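Residue numbers (this note's numbering), protein chains in the order written: chain H, 1 to 175; chain A, 1 to 206.
All C-beta atoms, glycine included, are put in the ideal place defined by N, C-alpha and C.
Because the structure is a prediction, the values reported are computed rather than measured.
Read the structure below first, then the notes.
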Amino acid sequence: MLNFLSTALVPLLASLIVLAGLRRRLDLFACFAEGARQGMGSILSLVPTLVALMVGVEMLSASGLLELLGRALAPAARLLGLPEALMPLVILRPISGNGSLSVLGDLIAKNGADSLVATAGAVILTSTETTLYTAGVYFGSVGARDTGPTIPAALLSDLIAVLVGGGLVKLMLFS
Amino acid sequence: MLNKIWAGMILISTLAGLALGRGAELSGAVFTGCSRALSLAVTLLGVAAFWSGLMHIAEQSGLLAAFAGLLRPLIRLLFPGLGRGGGAEQAIAASMTANIFGLSGAATPLGLRAMAELAKGQPRGMASPHMQMLVLINSASLQIVPATVVALRQEAGSAAPFAIMPAVWLTSAATLVAGVLLLRLLTALARPRRQRASEKGGLRRC
Chain H
1 MLNFLSTALV PLLASLIVLA GLRRRLDLFA CFAEGARQGM GSILSLVPTL VALMVGVEML
61 SASGLLELLG RALAPAARLL GLPEALMPLV ILRPISGNGS LSVLGDLIAK NGADSLVATA
121 GAVILTSTET TLYTAGVYFG SVGARDTGPT IPAALLSDLI AVLVGGGLVK LMLFS
Chain A
1 MLNKIWAGMI LISTLAGLAL GRGAELSGAV FTGCSRALSL AVTLLGVAAF WSGLMHIAEQ
61 SGLLAAFAGL LRPLIRLLFP GLGRGGGAEQ AIAASMTANI FGLSGAATPL GLRAMAELAK
121 GQPRGMASPH MQMLVLINSA SLQIVPATVV ALRQEAGSAA PFAIMPAVWL TSAATLVAGV
181 LLLRLLTALA RPRRQRASEK GGLRRC
């Protein structure tokens, strides 16, 4: 059931949306184009950030530092039952969305999209958010300085996402 | 934050790379990074265009508003005591809907509007429990179709780019539940401490 949903969901969702638009007699094509233009604009405005971060990530991995970091965190990775190569992604994830996307792109390029590392990385990346950035922007917008236990709770639940996501990938896709 | 991290990435890798004798690789990395960034953007461009186009139809046809209505019971569970049908409830529903459908461009402004609604009539400087809950929910990514990462997998020749989705759904649901419970637990633990501090005559709010 879950597998059927995951393979057929995108066309089904697209059809549902098109049907809803037809029922309301929307100018579907113009409406789509307007939204698509906005979506492309947001990716294009992302390009400078991606260049900056991707160069940073490539330099880190060329310098050999990322390996060293991975090796330093290897005991933690083993304790959690995760591949060592995932650790840079886990650390960067709460801080920078584009940065962790760059690291995932790197993992996919080096190990293949269907490798355990890249698949677990994909699941962990998509089931978490840039926690620190989100909290900063949201609390900052209302001038809240006393934020209670929100940030520790959110970071702990990110760690739970790493454990659950890594475990589920092994269980559902690699067993 | 990102400022320091980025500067650190460049400076530390230059230092470490030169110390480890990897100057040539380091120079090459600058150019690989640039071209990888562009190919990443190109991969994402088509998907982002298609997805935001569809979502614009969903929004204009009222489908998103109907979905936001379905979220109401969940919102009442997570935000006890919130005014029913009020501006805050609607703003929270809209922001959650944008997150669930992966409208990354719309999600942040809608979320900030929800924060502003929640801040009405609250003392400034302190995040109310409802604000804390909203930030927690929005920092646990609930998403039906993780379009960006699926596109990345497809482009890299994955045999089944969508295969990650069930694992993603289960993981983010588990993360959200864990986050909500942790927030409640930590709040309950912090309460006595905060009371003691205020009895001692803690900082005066201005």
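Check, Outcome
"Going along the chain, which residues of its own chain have a beta-carbon closer than 6 Å to the beta-carbon of H/Phe139, five neighbours each way excluded?", "Thr147"
"Is any heavy atom of the ligand COA found at a distance shorter than 7 Å from the C-beta of H/Val162?", "Questions concerning the ligand COA fall outside what the structure shown contains, since it holds no ligand whatsoever."
"The alpha helix (DSSP H) spanning H/Gln38 covers which residue range?", "28-44"
"For a quick check, are the C-beta atoms of H/Leu247 and H/Gly97 less than 8 Å apart?", "What the structure shows of chain H is the stretch from 1 to 175, and residue 247 of chain H is not part of that stretch, so it cannot be assessed."
"Kindly say whether H/Met40, judged by its beta-carbon, lies nearer than 8 Å to any beta-carbon of chain A.", "yes"
"Here's a check: name, in chain order, each residue in its chain whose Cβ is nearer than 7 Å to the Cβ of A/Ala140, leaving out the five neighbours to either side.", "Ser172, Thr175, Leu176, Gly179"
"Taking only beta-carbon positions, decide if A/Ser95 is within less than 8 Å of chain H.", "no"
"Within 8 Å of any Cβ in chain A, is that where the Cβ of H/Leu125 sits?", "yes"
"Closest Cβ-Cβ distance between A/Arg124 and chain H: below 8 Å?", "yes"
"With a threshold of 8 Å between beta-carbons, can H/Ala74 be considered close to chain B, or not?", "Within the model displayed, chain B is absent; protein chains H and A are what it includes."
"Please state the DSSP three-state secondary structure of H/Asp114.", "coil"
"Note down, in chain order, every chain A residue with its Cβ under 8 Å from the Cβ of H/Ile91.", "What H/Ile91 touches in chain A: nothing, since even the nearest Cβ is about 10 Å away."
"Out of H/Phe4, H/Leu28, H/Asn3, which one is the CA nearest neighbour of H/Ser15?", "H/Leu28"
"Can you name the residues of chain H whose CB is closer than 7 Å to the CB of A/Phe50?", "Ala36"
"Can the beta-carbon of H/Ile124 be found less than 8 Å from the beta-carbon of H/Val90?", "yes"
"Looking at the unbroken alpha helix (DSSP H) that takes in H/Thr134, where does it start and where does it end?", "131-141"
"Restricting to Cα atoms, I'd like to know which of A/Val47, A/Ala119, A/Leu118, A/Leu142 is closest to A/Phe101.", "A/Leu142"
"Using a beta-carbon distance below 8 Å, is H/Met87 in contact with chain A?", "no"
"Determine the extent of the alpha helix (DSSP H) in which A/Gln154 is found, giving its start and end residues.", "147-155"
"Just tell me which of H/Gly70, H/Pro48, H/Val169 has its CA closest to the CA of H/Leu86.", "H/Gly70"
"Would the beta-carbon of H/Met40 fall within 8 Å of that of A/Ile10?", "no"
"By the criterion of Cβ-Cβ separation under 9 Å, what are the contact partners of A/Cys153 in chain H?", "Rather than Cys, the amino acid found at residue 153 of chain A in this sequence is Arg. Those are Ile108, Ala113, Asp114, Ala118, Thr119, Ala122, listed as they occur along chain H."
"Rounded to a whole number of angstroms, what is the C-alpha to C-alpha distance between A/Gly33 and A/Ser27?", "10 Å"
"Determine contact between the segment 158-174 of chain H and the segment 72-82 of chain H, defined as no fewer than three beta-carbon pairs at a distance below 8 Å.", "yes"
"Between A/His56 and chain H, is any beta-carbon pair separated by less than 8 Å?", "yes"
"Going by CA-CA distance only, name the one from A/Val145, A/Val47, A/Arg36 that's closest to H/Leu53.", "A/Arg36"
"I'd like to know whether the C-beta atoms of A/Asn138 and H/Thr134 end up nearer to each other than 8 Å.", "yes"
"Going by DSSP, what residue range makes up the alpha helix (DSSP H) through A/Leu64?", "63-70"
"At the 8 Å Cβ level, is H/Ala33 part of the contact set with chain A, yes or no?", "yes"
"How about H/Val47 and A/Val30: are their beta carbons less than 8 Å apart?", "no"
"Quick one, are the C-beta atoms of H/Leu26 and A/Ser61 less than 8 Å apart?", "yes"
"Should A/Leu20 and H/Pro149 be called a contact, given that it needs their Cβ atoms to be closer than 8 Å?", "no"
"Give the single residue among A/Trp6, A/Trp169, A/Thr97 whose Cα lies nearest to the Cα of A/Leu70.", "A/Thr97"
"With distances taken from CA atoms, which of A/Gln90, A/Thr108, A/Ala163, A/Leu103 is nearest H/Ala113?", "A/Ala163"
"Going by the DSSP bridge assignment, what does H/Asp146 pair with across the sheet?", "A/Met126"
"Could you check whether H/Leu12 and A/Ile12 sit closer than 8 Å to each other, using their CB atoms as the reference points?", "no"
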